[in-house]
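One structure below.
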Amino acid sequence: MYDNPGPHRLVIDHVTKRYGANAVLDDLSFTVEPGRITGFLGPNGSGKSTTMKVLLDLAAADAGTAVIGDRRYRDLRDPAGTVGVVLEPNAFHPGRSGRNHLRILAQASGQPPPRVETTLATVGLDGPAARRRVGTYSLGMKQRLSLAGALLADPPVLILDEPANGLDPQGMHELRDLLRARADRGHTILVSSHLLAEIQHLVDDVVVIDDGRLVATATVADLTRSSARVRSPEPGRLAGLLTTAGGAVEPAGPDALLVTGLALDVIGDAANAAGIAIHELSAEAGSLEEVFLALTGASRTTTTTNRTEEGARP
């Protein structure tokens, strides 16, 4: 039985997390709704893993709260039955078989033995694969076993960090179908990934962070159609104007810009008021990758390479 019969909404509310003087998360707020698959995106070092660790009480926030169904993770009556997690890669004993790994997890969480076989079949690791030692598994098979651990107790919440890493096209298709079926049952799913082309086909909503701050939260459809292509004989001047107006601007050719976050009429009115000629202004469906780079690429600097890795101490 689920820990909370009500919706399992995830709420990150003004969370700040520092390691020394470094603010890994800076007043971060967003919500993940039940019945939806939410993609959690950001460049390396942006704070994604730290956010997940705060949500799971693996790291303590310096300010703000992170709750699952109105409770902190530590206050859930049945954490394993409420939240399934894929967070740490290769968290396996290499000498154990995939089946024995799941049996140990089942004993620890009070799951009946038949649940092990059902879950192995769900992730495509039944048959000979279940008997093999994990040390002989490919990266994709290890990802499947991690997912099996998250699904073992059939929890209504999934928090998955890079679950598609190493999966072949068939595995990605199966992952999409599996997560979509769970979202259709009203489950809450948060997925962090760098595979933006895959995420665009997988998720309903997107949360984008950069340098520990919220950059955007929207549906995939709204985010990818909120960009515009603009051509002008004065692209540099226009880029500065639109950036000041709150848009994210990326070059898209010698005289063209890709603008995210501003409506077409706002762009046109701003250019007209400044006396800047416009040769083309059109909606750009674009890819999630293009929008992501427009939202985060302009703010990256060389100092980013010196940032602490997500969740790690300096």
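Heads up: the sequence shown begins at 331 in the numbering used here, then just goes up one per residue.
Ideal Cβ positions, reconstructed from N, Cα and C, are used throughout, including at glycine.
Where residue i falls: helix, strand or coil (DSSP)
i, result
"Val-521", "strand"
"Asp-343", "strand"
"Ser-476", "helix"
"Pro-337", "coil"
"Tyr-403", "helix"
"Leu-358", "strand"
"Ser-439", "helix"
"Ala-607", "coil"
Buried or exposed (CB count within 10 angstroms, at least 16 for buried), residue i
i, result
"Pro-581", "exposed"
"Asp-541", "buried"
"Gly-620", "It should be noted that the sequence gives Glu, not Gly, for residue 620. It is buried - the Cβ of Glu-620 has at least 16 other Cβ atoms within 10 Å."
"Ile-367", "buried"
"Asp-535", "buried"
"Gln-500", "exposed"
"Gly-369", "buried"
"Ala-421", "exposed"
"Gln-441", "buried"
Delimiting residues of the alpha helix (DSSP H) encompassing residue i
i, result
"Pro-444", "443-452"
"Pro-499", "499-514"
"Thr-573", "565-574"
Limits of the beta strand (DSSP E) - the one that residue i falls within
i, result
"Gly-414", "413-416"
"Ser-557", "557-561"
"Pro-581", "578-581"
"Val-589", "586-590"
Residues that residue i bridges to, as DSSP identifies them
i, result
"Gly-369", "Val-521 and Val-536"
"Ala-393", "Thr-346"
"Arg-461", "Answer by DSSP bridge pairing: none, since Arg-461 is not bridged."
"Thr-547", "Val-537"
"Asn-352", "Tyr-349"
Any C-beta of chain B under 9 Å from that of residue i
i, result
"Met-471", "The chain inventory of the structure shown lacks chain B, comprising one protein chain alone."
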